[in-house]
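Residues in the sequence shown are numbered from 349 upward in steps of one, following this note's numbering.
Note that the Cβ used here is the ideal one computed from N, Cα and C, for glycine as well.
Okay, so here's the structure we're looking at.
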Amino acid sequence: MTNPAIRGSRVGAGPTGERGQIAQAEKITYYFFCSNEHVMSPMFAATVAKEDIPEFLECTKCGLPAGQDKANLPAVSKNEPYKTHLAYVKERRSEEEAAQLLEEAIEAIHLRRARSAESNSN
Ligand SMILES: [Zn+2]
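Dropping the structure here:
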């Protein structure tokens, strides 16, 4: 995931200022909160429209989604650890069940092959 804060901080930061000064593009700091109470404060150029500011950012400390509305954070329960899609899949289907399903599938293929072999020999 690209970080728009890094990309945005370079806007207008070139040495174009007069009297030896470096012109600074006006920047606005936005605060993003993750459910682990980390706070990020990326800056966006003032020219960036508010609707172009991402609704959620990935927390740089823990990887959880972080939102601007502290009272209405991205839905990740504090009691439940953040899980990957694979973790959810594994939870729904135990490895034993998966092995059994695979066996059944192989058996079904063998049966189908045996049947088609029979019909071919007729
Ligand atoms: Zn965090």
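Subject >> For Lys375, three-class secondary structure by DSSP >> reply: The answer is strand: DSSP assigns Lys375 an E or B state.
Original post:
At which residue ranges does the segment 387–422 contain complete beta strand (DSSP E) runs of 3 or more residues, listed in the order of the chain?
Top reply: With a minimum length of 3 residues, the continuous beta strand (DSSP E) runs that stay inside the segment 387–422 are 391–393, 404–406, 413–415.
**OP:** Return yes when at least one heavy atom of ligand 1 lies under 7 Å from the C-beta of Leu450, else no.
**Re:** No, since every heavy atom of ligand 1 falls outside the 7 Å radius drawn around the Cβ of Leu450.
Subject >> Contact test: Leu412 Cβ vs ligand 1 heavy atom, cutoff 7 Å >> reply: Here the distance from the Cβ of Leu412 to the nearest heavy atom of ligand 1 is below 7 Å.
**OP:** Measure the C-alpha to C-alpha separation of Leu449 and Leu434 and round it to an integer number of angstroms.
**Re:** If you take the alpha carbons of Leu449 and Leu434, they lie about 18 Å apart.
Original post:
For Cys410, is the classification buried or exposed, using 16 other Cβ atoms within 10 angstroms of its Cβ as the cut-off for buried?
Top reply: It counts as exposed.
**OP:** My understanding is that Cys382 touches Ala414, with C-beta atoms under 8 Å, so please give their C-beta distance in whole angstroms.
**Re:** Indeed they touch by this definition, with Cβ atoms about 4 Å apart.
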